[in-house]
Amino acid sequence: MKSITRTVWVLSVVSLLTDTASEMLYPIMPIYLKTIGFSIVLIGILEGLAEATAGLSKGYFGKLSDTSGRRVPFVQIGYAFSAISKPMMAIFIFPLWIFFSRTIDRLGKGIRTGARDAILSGEATPETKGKVFGFHRSMDTLGAAIGPSLALVYLYFYPEDYKTLFLIAFIPGLLAVLSSFYLKEKKINEPKIKVKTPFFSFLNYWKESPSQYRKLVIGLLIFTLFNSSDVFLLLQAKLSGLDDTSVIGVYIFYNLIYALFAFPVGILADKVGLKTIFIAGLGLFALVYFGMSVNTNLYFFFGLFFLYAIYASATEGISKAWISNITEKKNIATAIGTFTGLQSICTMLASSFTGLIWFQFGATAAFIMTGIATLFVIIYFLTVPKPKINESPQ
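Here it is in structure tokens:
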């Protein structure tokens, strides 16, 4: 079986274009919001609400995709929502409208995530899950390197012209939506019985899920509670003396390394084991956070962000591959949607917790605490059984 199929390519290109659009705006979003009158508190509330929307909707729409037996419409609608949200933020500057636009963007992510990952899983065998998910992550993250680079070039020639950048970001977003129409729905032989899907019905899956799934997801969520936003790493680099250009340069460098390594690391994971690579990734994460507790020079930060990119390559796509290998095919969108939904909520809590520790005890304490917590998470994962492929009816 060909590992990287036409469908995997299409989904990966769609993700690349969408991430190019989103990450084009990532570095300038807080600056833009401040120029139109948003306070730091209001920005925090906006981002919190947006992430909560994405988090809760991932589980619901994943469940809806499984019960309906359809994947492609969720992917197309989800990417369309994210595309139209870009120009919306440039049209009006009323706080309520900005909240609405940002929520539409995150809702789009919630609609598509479970269905998209279920399609990726369906295109792989249990022995090639790491490769397929790694390839997708690689293409997706390449967009995260292209986007900020385009924004830097544009703002160099047109300083502070943020509104136009939001309109420009609509172009790759629109191309992503058009590309999604190359996806074809696979025919399902089993007739689907129409059932009502309440918003929180995906939580029932936790009781029905395999014990392997619950043990794995508990570990992933505990880790997420200590895995705060990358903004804290960039802030530490800034406070250590790097100028704005160097900070953005480090961020672009991180995404480029991630994009380069996600695919080969996925292939390696299929050969040596998903669990082995995932734990190695956690070890690199702990090393990076211990390193971040030391204020040092530009080259040291580039070294840490290199290791941080390898960590991301060894965990993000790998965790979804692992989940899909221990979940029945009919529940994959629900399983991944439930995990990513709960993960979004934990990410919010993690950033708040890290921010509080930083404020009370300083950056060094915040980074060391995260590093130590990760070591305990590694010990936990050593007790989690390796995914048993033969138990996964694909």
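With the numbering used here, the residue at position 274 of the sequence shown is 624, and numbering never jumps. No residue lacks a Cβ here, since even glycine has one placed at the ideal position from N, Cα and C.
Which of helix, strand or coil DSSP assigns to residue i
i      : result
VAL503 : helix
ASN605 : helix
PRO522 : helix
VAL567 : helix
GLY623 : coil
ASN554 : helix
PHE449 : helix
PRO541 : For PRO541, the predicted model reports a pLDDT of 47, less than 50, meaning its position is unreliable and no value from the coordinates is stated.
TYR410 : helix
VAL527 : helix
ILE617 : helix
VAL644 : coil
PRO560 : coil
ILE469 : helix
PHE442 : coil
GLU401 : helix
PHE388 : coil
LEU592 : coil
TYR376 : coil
Residue i vs residue j beta-carbon contact at 8 Å
i      : j      : result
ARG462 : GLY428 : yes
PHE689 : LEU570 : yes
LEU492 : LEU366 : yes
LEU657 : VAL644 : no
ALA671 : SER415 : no
VAL358 : LEU470 : yes
PHE640 : VAL600 : no
ARG466 : VAL425 : yes
THR697 : PHE576 : no
GLY464 : LYS536 : no
LYS413 : ALA519 : no
ALA474 : GLU373 : no
Kindly provide the ranges of any alpha helix (DSSP H) runs that are 4 or more residues long and lie completely inside the stretch 699-738, ordered along the chain. Runs of the alpha helix (DSSP H) spanning 4 or more residues and lying entirely within the stretch 699-738 occur at 713-732, in chain order.
Any 3 or more C-beta pairs closer than 8 Å across the stretch 550-570 and the stretch 672-686: Counting Cβ pairs under 8 Å, three or more are found: they touch.
What beta strand (DSSP E) runs, 3 residues minimum, are completely inside the stretch 652-698? Note on the stretch 652-698: there is no whole beta strand (DSSP E) run with a minimum of 3 residues.
Would you call the stretch 577-590 and the stretch 692-705 touching, i.e. three or more CB-CB distances under 8 Å? yes
Any contact of the stretch 705-714 with the stretch 493-512, i.e. 3+ C-beta pairs under 8 Å? The answer is no - the stretch 493-512 does not touch the stretch 705-714, with fewer than three Cβ pairs under 8 Å.
With three or more C-beta pairs closer than 8 Å as the rule, is the stretch 358-378 touching the stretch 521-531? yes
Could you tell me whether the stretch 503-517 touches the stretch 621-638, using the rule of 3 or more Cβ pairs below 8 Å? no
Evaluate the contact criterion for the stretch 716-736 versus the stretch 596-610: three or more CB pairs, one atom per stretch, below 8 Å. no
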